[in-house]
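Protein chains in written order, with my numbering: chain A, 1 to 111; chain B, 112 to 223.
Written below as structure tokens is the structure these notes are about.
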């Protein structure tokens, strides 16, 4: 599975959009981009995933570049409860994939 | 409402004791996983299962063992607990194919 690179930390003001970058320059054609977050040592929570098209759900939007070498998770209106570690994971699209978590990005939303 | 349950939530136990951490899911997921996470550190996969009677070791070596006799149940056992086993243990499950994982709330284990 391709490795990912994320900034170790970022701050965001409450009510503003949070844009979380992720580089995955070695991604292959059958690998999906998944985003999870972990709030204060709770079990990680699934946010969104995509292959090559941009995706949106009730939690966030995922923008994947045309060459698929990077992506951005967008939290449109950050709240204090969005403070968490956010993980970008690239995983092969078959039934045998196992999620491997890196260090992620610690996002702190401030009032 | 949680679809994957871990018990106990917290456990403090003496060195040398045998312990079993329970994990059950009600979603009929084929795949189940155990992750270990020390405070402030990364999650590491220690065991996984793709179905009944299937168990594999993960990327991080662990002295624990697992079993998968029923689809919904994936317990983790430590035969002789040591202080080095102090950590948080997170269980997860997923459907076959590309899908999101569902994690339990974790068991925070302290061995004294």
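We put the CB at the ideal spot given by N, CA and C, even for glycine.
None of these values were measured; they are calculated from a predicted model.
State the beta-bridge partners of residue i as determined by DSSP.
i	result
residue 31(A)	92(A)
residue 72(A)	21(A), 63(A)
residue 11(A)	108(A)
residue 167(B)	159(B)
residue 188(B)	131(B), 176(B)
residue 56(A)	61(A)
residue 218(B)	200(B)
residue 5(A)	23(A)
Assign residue i to one of three DSSP states: helix, strand, or coil.
i	result
residue 49(A)	strand
residue 82(A)	helix
residue 175(B)	coil
residue 204(B)	strand
residue 195(B)	helix
residue 115(B)	strand
residue 223(B)	coil
residue 39(A)	coil
residue 142(B)	strand
residue 126(B)	coil
residue 212(B)	coil
residue 136(B)	strand
residue 100(A)	coil
residue 181(B)	strand
Considering only C-alpha positions, which residue in the set the options is nearest to residue i?
i	options	result
residue 59(A)	10(A), 65(A), 81(A), 67(A)	81(A)
residue 150(B)	201(B), 215(B), 137(B)	201(B)
residue 88(A)	44(A), 17(A), 11(A)	44(A)
residue 138(B)	144(B), 175(B), 115(B), 119(B)	115(B)
residue 66(A)	51(A), 79(A), 4(A)	51(A)
residue 146(B)	213(B), 203(B), 117(B), 212(B)	203(B)
residue 120(B)	128(B), 132(B), 153(B)	132(B)
residue 36(A)	11(A), 108(A), 12(A), 90(A)	90(A)
residue 16(A)	6(A), 55(A), 7(A), 75(A)	75(A)
residue 7(A)	14(A), 13(A), 22(A)	22(A)
residue 111(A)	3(A), 5(A), 13(A)	13(A)
residue 162(B)	206(B), 117(B), 173(B)	206(B)
residue 105(B)	123(B), 122(B), 130(B), 117(B)	Any property of residue 105(B) remains undetermined from this structure, which presents chain B solely from 112 to 223.
residue 61(A)	31(A), 92(A), 18(A), 30(A)	18(A)
residue 5(A)	109(A), 86(A), 92(A)	86(A)
Would residue i and residue j qualify as a contact pair, given that the criterion is a beta-carbon distance under 7 Å?
i	j	result
residue 25(A)	residue 69(A)	yes
residue 41(A)	residue 106(A)	no
residue 135(B)	residue 183(B)	yes
residue 222(B)	residue 193(B)	yes
residue 103(A)	residue 38(A)	no
residue 73(A)	residue 20(A)	yes
residue 156(B)	residue 170(B)	yes
residue 196(B)	residue 187(B)	no
residue 219(B)	residue 199(B)	yes
residue 191(B)	residue 127(B)	yes
residue 143(B)	residue 160(B)	yes
residue 167(B)	residue 101(A)	no
residue 54(A)	residue 63(A)	yes
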